[in-house]
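Remarks on the structure that follows.
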Amino acid sequence: MKLLWKNTLSSLEEAISEEVFVSLIDPIELERIDDDIAHFRVPNRFHGDWVLNNLGDVIADALADAAEGLGIELERPLKLRYEVDDSLMDRLDAGARETSRNARPAPAPQVERVSEPIPPPRLNPKYTFENFIVGPSNQLAHVAAMGVANAPGHKLNPLVICGDTGLGKTHLTNAIGSAIRAANPRARITYLSAEQFTNDFLSALQSHRADEFHARYREQCDVLLMDDIQFLATREHTQEVFFHTFNALYQEGKQIVVTSDIYPHRIPGLEERLVSRFEAGMIADVQPPELDTRIAILQKKAAQEGIELDGKVAEFLARIVKHNVRELEGLLIRLAVKAELLGRPIDLEMARESTHSLLAEVETATTVEDIQKVVCNYFGIRLSDIKGKRKHRAVSFPRMVAMYVARQRLGTSFPELGNHFGGKDHTTVINAVRKIGQLLEEDDERVVSSIDAIEKQLGF
Ligand code: ADP
Ligand code: MG
């Protein structure tokens with residue numbers, strides 16, 4: 278049974294997106310197969326229902342195929358059943374921390390089968406401007422998105438929304454689509470991810486329907502909303518196709534909106550001509566929201582889902598999850614599911630219990646020492662160098678970078694930082710932080726890439 282499930286998992290892993298896999302498939306176990314029924318254990322009822330309703334066919338197929346690979350003939354179609362096993366609840370939490378995920382998964386998991394035509398995804402009706410909480414961190418992107426929605430194809434074209442995962446890019450993009458549709462029901466709006474665009478193109482090629490493909494995107498489209506264009510990195514062929522699509526639409530005054538988890542010019546292997554097309558439009562970023570915004574988002578989400586959420590609990594949760602709204606919402610939904618299962622309200626105690634693993638992370642938060650170690654490791658110098666007095670660039674540059682990261686990320690005071698770096702004067706630290714900040718602003722390649730890599734290692 279173990280081997281069968283293992284083989285099934287490897288083929289599922291290829292068939293569905295990583296996010297769906299980690300959050301939904303990972304937490305379940307194959308128990309046994311009787312005749313034409315496969316029995317699973319799942320962490321809770323909600324999870325079981327969701328997986329079986331949405332992924333049941335894919336799992337049944339993969340299971341039967343894997344069995345065949347092992348020389349076992351199973352009945353097809355195979356039926357799936359589940360029973361709840363509480364001990365699997367831990368896996369939900371583990372999965373949540375590994376990836377940014379939604380405990381209540383997005384409506385349609387994307388099952389990628391290149392050979393079949395891909396139905397274009399529909400706009401998510403929940404992702405509206407009304408449901409979007411505006412704060413300093415996302416104000417610019419919000420204003421730009423509203424501008425596009427009010428006057429598509431005018432000044433803000435193309436609009437590029439950039440920012441880390443889980444900060445509302447997809448939400449805003451959908452909101453633009455819905456608002457344009459509400460104002461003009463006949464507008465032909467195409468919303469899809471760059472990955473779907475790629476797959477769609479590949480399948481059009483395979484079935485010799487490139488013309489249909491081009492017509493669909495270039496002629497039968499008034500607004501193109503393309504999510505996650507970082508996927509185009511190093512995919513030269515698709516970039517080429519996208520470039521021509523872009524030009525055709527742009528020349529007709531059609532609105533184009535794209536999102537990316539990094540700035541276009543930092544997408545590895547993105548052709549210069551595409552970068553300059555994007556840069557000719559409006560680039561707006563989304564940053565992690567401030568505490569107040571996070572609290573408001575939680576409250577909005579709770580109201581939307583009919584979850585009763587006390588203000589204190591909202592604040593407690595918002596203080597724990599800082600960098601990803603999807604995780605924040607995931608936490609709320611998990612708590613709501615738990616509360617429902619236990620027949621208890623969500624109170625501070627439950628919030629504490631459910632987040633102790635996350636709290637442990639916050640408590641053992643990064644220290645200046647940690648930053649120094651990672652920086653030393655990155656530049657291949659010794660800890661004694663970074664704390665020392667040598668002024669040679671090979672050590673002074675890493676030292677400045679470490680000071681900068683510590684100041685930005687930990688907010689340590691300048692005099693205290695001076696102490697951490699072998700008793701340096703606070704003005705030395707101030708100058709270092711200022712210098713690196715300046716280089717970053719100038720987009721200095723070396724500074725940008727080293728800080729990116731270092732922060733990534735530190736998990737920021
Ligand atoms: P991204 O596309 O940037 O990865 P999403 O748009 O998918 O992020 O957002 C993740 C989740 O967080 C979604 O459920 C979205 O509705 C929610 N969200 C993000 N930012 C906000 C916000 N400012 N107000 C309300 N919900 C938000
Ligand atoms: Mg997104």
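Just so we're aligned, residue 278 is where the sequence shown starts under this note's numbering, counting upward by one. Beta carbons are placed, not taken as given, at the ideal position from N, Cα and C, and that holds for glycine. Since we're looking at a predicted model, the values are computed, not measured.
Presumed contact (8 Å Cβ cut-off) between residue i and residue j, rounded CB distance
i      : j      : result
Ile302 : Arg318 : Not quite, the Cβ-Cβ distance comes to about 13 Å (not below 8 Å), so this is no contact.
Gly440 : Val563 : 4 Å
Leu400 : Tyr468 : 6 Å
His703 : Gly714 : Not really, about 16 Å apart at Cβ, beyond 8 Å.
Leu745 : Lys668 : A query on residue 745 cannot be resolved here, the shown segment of the chain reaching from 278 to 737 and no further.
Leu433 : Gly424 : 5 Å
Gln532 : Pro429 : 4 Å
Pro398 : Val535 : Actually they are not in contact, since the Cβ atoms of Pro398 and Val535 sit about 15 Å apart, beyond 8 Å.
Val652 : Pro675 : 5 Å
Ala561 : Ala421 : 4 Å
Leu347 : Leu280 : 7 Å
Ile658 : Phe698 : So it is not a contact: roughly 13 Å between Cβ atoms.
Val672 : Phe691 : Val672 to Phe691, Cβ: 20 Å. No contact.
Ile410 : Lys577 : 6 Å
Assigned exposure category for residue i - 16 Cβ within 10 Å defines buried
i      : result
Asn427 : exposed
Pro396 : exposed
Gly454 : buried
Glu350 : exposed
Arg684 : buried
Thr747 : A question about residue 747 goes unanswered here, because the residues of the chain that appear run from 278 up to 737.
Arg629 : exposed
Thr632 : buried
Gln483 : exposed
Arg611 : buried
Pro384 : Annotation note: pLDDT 45 at Pro384 (below 50); position unreliable, coordinate value reported separately. Exposed, because fewer than 16 other Cβ atoms sit within 10 Å of the Cβ of Pro384.
Thr285 : buried
Ala679 : buried
Lys589 : exposed
Leu716 : buried
Lys701 : buried
His485 : exposed
Thr511 : exposed
Gly445 : buried
Asp569 : exposed
Ala337 : buried
Asp477 : buried
His514 : exposed
Gly736 : exposed
Arg670 : exposed
Glu472 : buried
Arg374 : Any reading at Arg374 needs caution, since the residue's pLDDT is 49, under 50, leaving its predicted position unreliable; the model's value is listed next. Arg374 should be labelled exposed.
Gln451 : In the sequence as displayed, the identity of residue 451 is Asn instead of Gln. Its Cβ being crowded by 16 or more others within 10 Å, Asn451 is buried.
Asp729 : exposed
For residue i: DSSP bridge partner residues
i      : result
Lys503 : The amino acid at residue 503 is misidentified as Lys; the sequence shows Met. Its beta-bridge partners are Leu469, Val535.
Cys439 : Ser537, Asp562
Val361 : Val319
Leu307 : Phe317
Lys356 : Ile314
Sub-8 Å separation of residue i and residue j beta-carbons
i      : j      : result
Leu586 : Ala595 : no
Gln516 : Ser537 : no
Thr522 : Tyr494 : yes
Val437 : Pro541 : yes
Leu547 : Leu502 : no
Gln581 : Asn415 : no
Ile466 : Val518 : no
Glu567 : Pro462 : no
Ile597 : Ala613 : no
Leu289 : Ala344 : no
Met366 : Asn330 : no
Glu360 : Asp313 : no
Leu357 : Ala418 : no
Leu609 : Ile572 : no
Val682 : Glu719 : no
Tyr655 : Ser726 : no
Asp504 : Ser480 : no
Trp327 : Leu307 : no
Val724 : Thr689 : no
Phe406 : Ala456 : yes
Phe520 : Arg543 : no
Any non-hydrogen atom of the ligand SAM within 7 Å of residue i CB
i      : result
Asp562 : The ligand SAM is not part of the structure shown, which contains the ligand ADP and the ligand MG as its ligands.
Next item on the list: Check each residue's C-beta against every heavy atom of the ligand ADP and list, in chain order, those closer than 5 Å.
Entry: In chain order, the qualifying residues are Phe409, Ile410, Thr442, Gly443, Leu444, Gly445, Lys446, Thr447, His448, Ile574, Val602, Arg603.
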